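Engineer: Using this note's numbering, the first residue of the sequence shown is number 1, and each one after it goes up by one. Beta carbons are placed, not taken as given, at the ideal position from N, Cα and C, and that holds for glycine. Nothing here was measured: the structure is a model prediction, and the numbers come from that model.
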Amino acid sequence: MHHYSSAIDQLNCACNALRKASRAVTRFYDEVMEGTGLSLAQFAVLWNIARREPLPLMDLAHILVMDRTTLYRALRPLEREGWVALEDGQGRAKTVRLTDKGHHAVKNSTDAWQAAQRRLVEKFGLDRWGATEAALQDLVTISQEAMQ
Numbered sequence: 001m002h003h004y005s006s007a008i009d010q011l012n013c014a015c016n017a018l019r020k021a022s023r024a025v026t027r028f029y030d031e032v033m034e035g036t037g038l039s040l041a042q043f044a045v046l047w048n049i050a051r052r053e054p055l056p057l058m059d060l061a062h063i064l065v066m067d068r069t070t071l072y073r074a075l076r077p078l079e080r081e082g083w084v085a086l087e088d089g090q091g092r093a094k095t096v097r098l099t100d101k102g103h104h105a106v107k108n109s110t111d112a113w114q115a116a117q118r119r120l121v122e123k124f125g126l127d128r129w130g131a132t133e134a135a136l137q138d139l140v141t142i143s144q145e146a147m148q
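#1: Could you check how far apart the C-beta atoms of Thr-95 and Leu-126 are, in whole angstroms? I think they sit under 8 Å.
#2: Span of the beta strand (DSSP E) holding Glu-87?
#3: Could you tell me the alpha carbon to alpha carbon distance between Thr-91 and Cys-13, rounded to whole angstroms?
#4: Please list, in chain order, all residues of the same chain as Trp-83 whose beta carbon is under 7 Å from its beta carbon, the five residues on each side excluded.
#5: Confirm, please, whether the CB-CB distance from Leu-86 to Glu-79 is below 8 Å.
#6: Quick one: grab the DSSP three-state call for Arg-118.
#7: Looking at the structure shown, is Arg-92 part of a helix, part of a strand, or coil, going by DSSP?
#8: Is the beta carbon of Leu-120 sitting closer than 8 Å to the one on Phe-43?
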């Protein structure tokens, strides 16, 4: 057991490695999507809303692995641009949906996003990406369980 613990101590910080990869990949997607008027972060929020609208904000926060405050900060500029509308849901819950302008923004950005996705996954390898995506989902689950 001591050898295993010692080996873990010699590794680079998992969080820093993931954040570094995230920044590099985000920068790549943002560059490919530059002419669309949406950043990758904005596209991800809008795309997830479009797939499930109207969507309770709590569900969107869960899907995006964001706390409520961060989600509201992410939604504010999207609302200002006229891409999303916040509405009353059941009880005190709020829901979000895309406006016509939001649907148009997603439609106009999807080809660029698909091009970035295709380039990255083809270069990385489809099987390798599948394994990495599964491992990343495991990390999300493990991290969330560790906080409870």
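Structural biologist: Inspection of the coordinates gives the following:
#1: Thr-95 to Leu-126, Cβ: 36 Å. No contact.
#2: 84 to 88
#3: Residue identity differs from the one stated: residue 91 is Gly in this sequence, not Thr. Those two C-alpha atoms are separated by around 42 Å.
#4: Leu-46, Leu-98, Thr-99, Lys-101, Gly-102 and Ala-105
#5: yes
#6: helix
#7: coil
#8: no
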